[in-house]
Each structure stands twice: as C-alpha cells, then as structure tokens.
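Step one of this worksheet: look at the structure below.
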Amino acid sequence: MNQDIFVIIEHLRGQVADISYVMLAAAHELAQNTGGKVEAVLLGQNVQGLAGNLAADQVLSVEHPALADFTSDAYIKAVAGLTVEHQPRAVLFGHTSVGMDVASGLSAHLGLPLVGSVRYFESGGKFVSQICGGKIMAEGELPAPTALITLVPGGYKPEQGQSAQPPQVTQVAAPALDGLRVTLKQYIEPEAGDVDIAKEPLLIAVGRGIQTQDNISLADDLAQALGGVVCASRPVVDQGWLPTSRLVGKSGKAVKPKVYLAIGISGAPEHAEAITGSNVIVAINTDAAAPIFNIAKYGTITDLFDLVPVLTDKVREAKGG
Amino acid sequence: MNIVVPVKLVPDLVEELTIDASGAALDTMWLRLIINEFDDHATEQAILLKERSGGQVTIITPNAEGVDDMLFAASARGADRLIKLVGDFENGVNNHALARTLATTIKDLQPDLVLTGVQAHNDLDGSLGPLLAEYLGMPYTGYVSGVIVNGDKAIVRKEFPGGLIAELELKLPAVLGIQAAEQPPRYVAISKVRQAMKTATLEEMDAPGLNPDGGPTIGRMFQPEAAEKAEMISGNADVVADRLIGIFKELGVL
Ligand SMILES: Cc1cc2nc3c(=O)[nH]c(=O)nc-3n(C[C@H](O)[C@H](O)[C@H](O)COP(=O)(O)OP(=O)(O)OC[C@H]3O[C@@H](n4cnc5c(N)ncnc54)[C@H](O)[C@@H]3O)c2cc1C
Ligand SMILES: Nc1ncnc2c1ncn2[C@@H]1O[C@H](COP(=O)(O)O)[C@@H](O)[C@H]1O
Numbered sequence: 000m001n002q003d004i005f006v007i008i009e010h011l012r013g014q015v016a017d018i019s020y021v022m023l024a025a026a027h028e029l030a031q032n033t034g035g036k037v038e039a040v041l042l043g044q045n046v047q048g049l050a051g052n053l054a055a056d057q058v059l060s061v062e063h064p065a066l067a068d069f070t071s072d073a074y075i076k077a078v079a080g081l082t083v084e085h086q087p088r089a090v091l092f093g094h095t096s097v098g099m100d101v102a103s104g105l106s107a108h109l110g111l112p113l114v115g116s117v118r119y120f121e122s123g124g125k126f127v128s129q130i131c132g133g134k135i136m137a138e139g140e141l142p143a144p145t146a147l148i149t150l151v152p153g154g155y156k157p158e159q160g161q162s163a164q165p166p167q168v169t170q171v172a173a174p175a176l177d178g179l180r181v182t183l184k185q186y187i188e189p190e191a192g193d194v195d196i197a198k199e200p201l202l203i204a205v206g207r208g209i210q211t212q213d214n215i216s217l218a219d220d221l222a223q224a225l226g227g228v229v230c231a232s233r234p235v236v237d238q239g240w241l242p243t244s245r246l247v248g249k250s251g252k253a254v255k256p257k258v259y260l261a262i263g264i265s266g267a268p269e270h271a272e273a274i275t276g277s278n279v280i281v282a283i284n285t286d287a288a289a290p291i292f293n294i295a296k297y298g299t300i301t302d303l304f305d306l307v308p309v310l311t312d313k314v315r316e317a318k319g320g
Numbered sequence: 000m001n002i003v004v005p006v007k008l009v010p011d012l013v014e015e016l017t018i019d020a021s022g023a024a025l026d027t028m029w030l031r032l033i034i035n036e037f038d039d040h041a042t043e044q045a046i047l048l049k050e051r052s053g054g055q056v057t058i059i060t061p062n063a064e065g066v067d068d069m070l071f072a073a074s075a076r077g078a079d080r081l082i083k084l085v086g087d088f089e090n091g092v093n094n095h096a097l098a099r100t101l102a103t104t105i106k107d108l109q110p111d112l113v114l115t116g117v118q119a120h121n122d123l124d125g126s127l128g129p130l131l132a133e134y135l136g137m138p139y140t141g142y143v144s145g146v147i148v149n150g151d152k153a154i155v156r157k158e159f160p161g162g163l164i165a166e167l168e169l170k171l172p173a174v175l176g177i178q179a180a181e182q183p184p185r186y187v188a189i190s191k192v193r194q195a196m197k198t199a200t201l202e203e204m205d206a207p208g209l210n211p212d213g214g215p216t217i218g219r220m221f222q223p224e225a226a227e228k229a230e231m232i233s234g235n236a237d238v239v240a241d242r243l244i245g246i247f248k249e250l251g252v253l
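Those protein sequences? They're chains A and B, same order as listed. Sequence positions in the first sequence follow numbering that gives the first Met the number 0 and run 0 to 320. Sequence positions in the second sequence follow numbering that gives the first Met the number 0 and run 0 to 253.
Printed below as a string of structure tokens:
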C-alpha cells in the first residue's frame, strides 16, 4: 500500500465536470495528511486534452474504446485494475451520476471500505460526510487499507483544483474490458425550454411546500408582478407541474441570479449546490431548521400561503404607485 | 417478469433530528420513519412495468416500526408479494450489511429486475443498489428515470446533470437505481390500504448474521453550522412582505 490519493476524473462529452476539480482540491488536503501524491485518473478515449488544468502531481491516462462513454461496468473494471495494482490510500469519486454508479460496486467487488457523501477532510485526515438532506454531519477516521470515497460539492472551490501548470501525463494500459453488460445506445439532449433559467437575474423558485399544481399560480403571479421567472425543485418537476427546463439542482441547472427567492424549498444538498452562485438568496420556509437558511441571506418562517399573496399585492402596488 | 423492490424506511426530515448520548448516531427515540422517497419511485416504476407487460412485483424490507403499513400501502398500489426481513435491525444497519443479507434472499427469488431507490439520505457507505448488484453478480445503473424491458434486455434512461439523458442497454437480470418513476407515485385511497390489511399476507424471512464490513465507523455526529445564518424576518405576513419589498428595492429588482 502507498499513501497516494487517486481522483477519478469525471468528464462528459469532452468537458471536465466541476466536481473533478473539487475532488482534486480535497485530495490535496488529504495528501498533506498522508504524505502521498495526488494522482488524477483519466478514463476515456482520446481524452488526454482534458488533463491540461488538473491540479495533480500526475495524471494516469487509460484509453480504451469501451471507455469512450461512461458505463458502470467498464469503469468498475478499469478502476479495479488500477486500484489493485497501485493500492492507493484513497480513491475519490464524485457523489454523482458517474461516481455513485462505480464506487459502491467497487467496494463490494474488491472488499474495500467506502465512505459516501464526504464534504471535506479535516486537517487530521478525518472525513466529514453530509447526510439527512444537509441536516447532519458525520465524522470519522479514514478507513483502511484503501478508502473509497464519494465526494459531494461545497467543501472546496473548483478553482482550488485547477492549475496553470500542465501536469505530467502517464499512459497506462487498460485492463481487459470484456464481458460488459451495459452499453450506451444514444444521448438524448435536454429540452430547450422557453427560458434559460441559468441566465435569468430574478428567479422565483417553488418547492414541495407549494403542495398542489394549482398553487403554482401563486408563484406565477408573484413572478409576473416582479418581472421574474418561475423555477422549481425536483419534486415539483417530478410531479409534472413545471417542465424539466425549469429544474434547479444537481440533475437540472445551476443558477446565478441577482435574487433567488426560494418558496417552500428545504435546501437539500442536491438543490443547494446549484444556487450558491446566487447573489442573494431569500427563503420562505416554515421550518426554522431547514438547511436553506444556512445559505440564504434573508429568511422568514411565515407560511407561504399567508405571505406570497400579500407580497404579490404589495409588489403590484409598488410598481403601480 | 419478476421484479423485486427492496425498500427501506428513513428519518422524516421535516421532523427535528437530534443526536443521541453517544454523540455518534441519531437519537431514534423520537425519530419518525417514512419510506425513502426514491424507493417509493422504484415501487411505482415496478408497478408500471408490470402493468405494461405483466409479471410479479415483490417488495422486500428490513423489519422496523411502521413497515407493515408501508407494505400494505404497496400492496394496495399493486405489489404482489410482501416480504419482511427479520433480524437485528433495531439499531440500524449499514448498506453493506443490508445488501449482503438482501442478496441472499433476493437470489432465491430469481428476479429479472431489482429496482432500488437511487439513494437514501442517510446512506453513509454508498447506496444500496450497486452493492446489491455486485453481491448478486448483476450489472447496475443508477439515476434512472425510465425503463423499457425488451426480451432479456432493459433499455433505461440515465440522467446526467442539466437534463442530458443517456439511453443505456443492460443485460437482464439487472439492478437499477431509480431516481424518478415515469409517473409520480400514485395515490391510494385509505380504504384500499385497509382492504389490503385484511387480504394481503406479510411473509417473514430470517436475516441472520448482519455483517457491516465495508462501512465506515462514525466517531461523531453534529449539526452543521452556517458560516452566516440568514437574517430572519419576523412578524405577520404584512410586516414580512413590507420588509421583503424593501429588500427587493435595495437589491434593484423592484
Ligand atoms: C441523485 C439526486 C439528484 C437530485 N437532483 C435534484 C435537483 O436537481 N434539484 C432538486 O431540487 N432536488 C434534487 N434532488 C432531490 C433532493 O434530494 C430533495 O429531495 C429536493 O430538493 C427536495 O425538494 P423540496 O425542497 O422542494 O422539498 P422538501 O425537502 O420536502 O421541502 C419542502 C419544504 O417546504 C416547507 N414548507 C412546507 N409547507 C410550507 C408552507 N406552507 N410555507 C412555507 N414553507 C413550507 C417545508 O418546511 C420544507 O422545508 C435530487 C436527489 C437525488 C438523490
Ligand atoms: N428508450 C427509453 N428508455 C427508457 N424509458 C423510456 C424510453 N422511451 C420512453 N421511455 C419512458 O417510457 C414512457 C413512455 O414513453 P413513450 O413510449 O416514448 O411514450 C415515458 O414516460 C418515458 O419516460
């Protein structure tokens, strides 16, 4: 075993995902404690060009046609091969659509311990995970021999994992990637939608607290009065009350408006990660312990059904008068 | 087609969560448990598949307070078999332990598809689905929001950020981590659940020797502290609305 930290770089269709840089930043923190190096692992086909700004001591590049697009099967085999050969102290994955498909399977496959939802490492090397919708943090010692980690965003800034100095890239032969049971058929592009919420300066966001489809009109009215655009959390979109193009969060869009008014949204990590670029977050939520108040600048626990209609009237008054 | 849906209960996040005297676990005393939201979607997806092409849906869950009601509700929605795993679950088990014991039981059920929720909010050692897949020797794909079964293959829609979808083909049998069913989980009338209580059978199966190897040990739990807590505006709706108007004006959006 050695003390190096492996980071499985997440990339999709020629673009390195922000979580990869966040992982590199976390890996440096951890490596300081273990005394090892930070090694970025780049799996794919013709992906060496993605290595340029990775803040790593070395990039291990594994090229294979079966890795051209992400599938859990091929990734598990490829990472298993590297892990067994190099025995790093930890392997970091994103707590994402990519990393979560791989890390747990690998844990069972290799009999290695796994820690999920890690947000940051403490200076002593302990992990701190974020669970229960962001309401609880859990701390512990990094398990041995090789700890598999899935990392959530928020603990480090992507810029901390970027470097102006291109890292050294080492080609590594891919292990046998046969007997694969998962194959990509095609990508289906997201629906464009009538507005791009990522570019809107004023967003009125509704969450499960809105209760029914009919109540969406409360947000519509306020948005119309203020000149903003309505968007939503996942449960609202899953109900079909608003289209996917209005989804804010991990599976939707990241937004950075001047003002983000969150109505009946708890601020779960999968939602919160996509709104921290907002200039000012204002939250209306009856639960004083809702995590949204940890990132909002202004908040109120007034019931949305009491407050929103009154607020809309007053906005209209202010605009009219 | 034989579909198995492992379901677990998780703390209701609307309730206050407190940490117990050990300092390293949630206080279960006042914890209200509800079905994991994504397991609810997995159940719905299983029933939709059965309605489209026939088959049997089996719900399987570790025993805990409240699971009977959850199982009867699943039956009222269309589940055929309801299995309660009986073992030492009172103080909670991690997903590695749960996956090992579930794999043993599920293997005997010879499923074509196992649908789990993509994650549970209290997972600390990875999500259940991919662990289960590995112990069962099946392929796994998570973040799934659409499934079509075609002979011995499943075509699934896997979500990536920003609304991009990958259509993937998996050889069956397979385990899928369901993010969202193709339709929102259906509502069932209480009367139908009551009916299920009278007619449905709960099968009990033993889950001996739970082995948590592979999960981390938690030294301490704590509630996160905000770097800067929101400035809270109190008062009645009128007062709060006035203050918000003022804030909107300050910020130049009104
Ligand atoms: C892989 C994955 C990806 C995900 N991607 C996303 C994503 O892209 N976007 C996203 O949003 N979520 C996403 N989620 C879901 C996320 O985990 C949360 O479940 C979701 O964000 C919760 O939405 P919510 O805040 O609207 O609902 P809840 O968490 O149920 O919160 C509702 C809030 O409304 C408040 N409320 C209720 N009634 C009132 C009232 N009358 N007045 C005021 N307040 C009230 C409650 O106090 C509560 O805090 C994802 C989850 C997973 C597992
Ligand atoms: N290729 C696919 N893979 C998985 N799910 C699909 C696919 N096509 C459609 N669906 C789902 O099946 C349902 C019916 O779709 P359709 O047959 O396209 O009308 C929709 O709710 C989709 O989410």
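Beta carbons: idealized from backbone N, C-alpha and C, even for Gly.
Using only CA atoms, which one of the options lies nearest to residue i?
| i | options | result |
| --- | --- | --- |
| I18(B) | E138(A), Y20(A) and G115(A) | E138(A) |
| G115(A) | E249(B), K7(B), G162(B) and T216(B) | T216(B) |
| E84(A) | L29(A), A50(A), T145(A) and S103(A) | T145(A) |
| A240(B) | P308(A), Q170(A) and P234(A) | P308(A) |
| Q185(A) | A271(A), V61(A) and A67(A) | A67(A) |
| S277(A) | K296(A), C131(A), A289(A) and T285(A) | K296(A) |
| L112(B) | G150(B), D124(B) and R76(B) | G150(B) |
| D237(A) | L225(A), Q210(A) and V258(A) | Q210(A) |
| G91(B) | R185(B), L130(B), Y186(B) and P10(B) | P10(B) |
| G264(B) | I130(A), K125(A) and G123(A) | With chain B covering 0 to 253 only, the question about residue 264(B) has no answer from this structure. |
| D122(B) | Y186(B), K7(B) and G251(B) | K7(B) |
| D38(B) | E168(B), G22(B), T57(B) and M220(B) | T57(B) |
| L41(A) | K255(A), H108(A), Q167(A) and E121(A) | Q167(A) |
| R88(A) | R118(A), R315(A) and N32(A) | N32(A) |
| V21(A) | Q14(A), V279(A) and I8(A) | I8(A) |
| Y142(B) | L47(B), K152(B), F159(B) and E133(B) | F159(B) |
| L59(A) | T70(A), K76(A), L81(A) and A73(A) | L81(A) |
Near residue i, what residues of its chain come up, given a Cβ to Cβ distance below 6 angstroms and the 5 sequence neighbours on each side ignored?
| i | result |
| --- | --- |
| G145(B) | R156 and E181 |
| F304(A) | none |
| L11(A) | none |
| M0(A) | Q86 and P144 |
| E249(B) | none |
| K106(B) | none |
Return the chain-ordered list of same chain residues with a C-beta closer than 8 angstroms to the C-beta of residue i, the five sequence neighbours on each side being excluded.
| i | result |
| --- | --- |
| V85(B) | N62, E203, M204, D205 and A206 |
| L306(A) | I283 and T299 |
| E190(A) | P242, T243 and S244 |
| R233(A) | L246, G248, S250, G251, E269 and H270 |
From which residue to which residue does the beta strand (DSSP E) around residue i run?
| i | result |
| --- | --- |
| S52(B) | Segment E36 to S52 is the alpha helix (DSSP H) holding S52(B); no beta strand (DSSP E) there. |
| D205(B) | L201 to D205 |
| Q185(A) | V181 to I187 |
| P10(B) | L8 to P10 |
| N149(B) | Y139 to N149 |
| E38(A) | V37 to G43 |
| R156(B) | K152 to E158 |
| A137(A) | I135 to G139 |
Can you name, in chain order, every residue of its own chain whose Cβ lies under 7 angstroms from the Cβ of residue i, other than the five neighbours on each side?
| i | result |
| --- | --- |
| M99(A) | T149 |
| A256(B) | Since the first and last residues shown for chain B are 0 and 253, residue 256(B) lies out of range. |
| Q44(B) | L114, V146, I177, A180 and E181 |
| L23(A) | V6, V37, A39, L53, A54, A55 and G160 |
| A23(B) | I217, G218, R219 and M220 |
| E140(A) | K125 |
Please report the residue range of the alpha helix (DSSP H) in which residue i lies.
| i | result |
| --- | --- |
| L306(A) | L303 to G319 |
| G80(A) | S71 to H85 |
| S19(A) | D17 to T33 |
| P129(B) | L127 to L135 |
| S74(B) | V66 to R76 |
| F247(B) | A236 to E249 |
Using a cut-off of 7 angstroms between C-beta atoms, extract the partners of residue i located in chain C.
| i | result |
| --- | --- |
| T140(B) | The structure shown contains no chain C; its protein chains are A and B. |
Do residue i and ligand 4 come close, with the Cβ less than 7 angstroms from some heavy atom?
| i | result |
| --- | --- |
| S19(A) | For ligand 4, the structure offers nothing, since it holds only ligand 1 and ligand 2. |
(request) With 7 angstroms as the limit, tell me which residues of the region 0-12 of chain B have their beta carbon closer than that to any beta carbon of chain A; keep them in chain order. (result) So the close ones are P10 and L12.
(request) Report the residue ranges of all alpha helix (DSSP H) runs contained in full by the region 92-120 of chain A; include only those spanning at least 4 residues, in chain order. (result) Within the region 92-120 of chain A, complete alpha helix (DSSP H) segments of at least 4 residues are found at 98-109, given in chain order.
(request) Using a Cβ-Cβ cut-off of less than 9 angstroms, give me the residues of the region 120-132 of chain B that come near chain A, in sequence order. (result) Within the region 120-132 of chain B, H120, N121, D122, L123, D124, G125, S126, L127, G128, P129, L130, L131 and A132 place their CB atoms closer than 9 angstroms to a CB of chain A, listed in sequence order.
(message) Under 8 angstroms, CB to CB, which of the residues in the region 107-133 of chain A have a partner in chain B?
(response) Going along the region 107-133 of chain A in chain order, one finds A107, H108, G110, L111, P112, L113, V114, G115, S116, K125, F126, S128, Q129, I130, C131, G132 and G133 with a Cβ nearer than 8 angstroms to chain B.
(message) Going residue by residue through the region 236-280 of chain A, where are the continuous alpha helix (DSSP H) segments of at least 4 residues, counting only ones entirely within it?
(response) Correct list: 268-271.
(message) Under 8 angstroms, CB to CB, which of the residues in the region 198-223 of chain B have a partner in chain A?
(response) Cβ contacts with chain A: D212, G213, G214, P215, T216, I217, G218, R219, M220, F221, Q222 and P223.
(request) Residues of the region 177-208 of chain A with a CB closer than 8 angstroms to any CB of chain B: list them in chain order, please. (result) Shown in chain order are the members of the region 177-208 of chain A whose Cβ falls below 8 angstroms from a Cβ of chain B: R180, V181, T182, L183, K184, Q185, Y186, I187, E188, P189, E190, P200 and L201.
(request) Below 9 angstroms between beta carbons is the criterion; list the residues of the region 40-73 of chain B that meet it against any residue of chain A, in chain order. (result) Taking 9 angstroms as the upper bound on Cβ-Cβ separation, chain A lies near residues H40 of the region 40-73 of chain B.
(request) Quick one: which unbroken beta strand (DSSP E) runs of 3-plus residues sit fully inside the region 137-165 of chain A? Chain order, please. (result) For the region 137-165 of chain A, whole beta strand (DSSP E) runs of length 3 or above, ordered along the chain, are 146-150.
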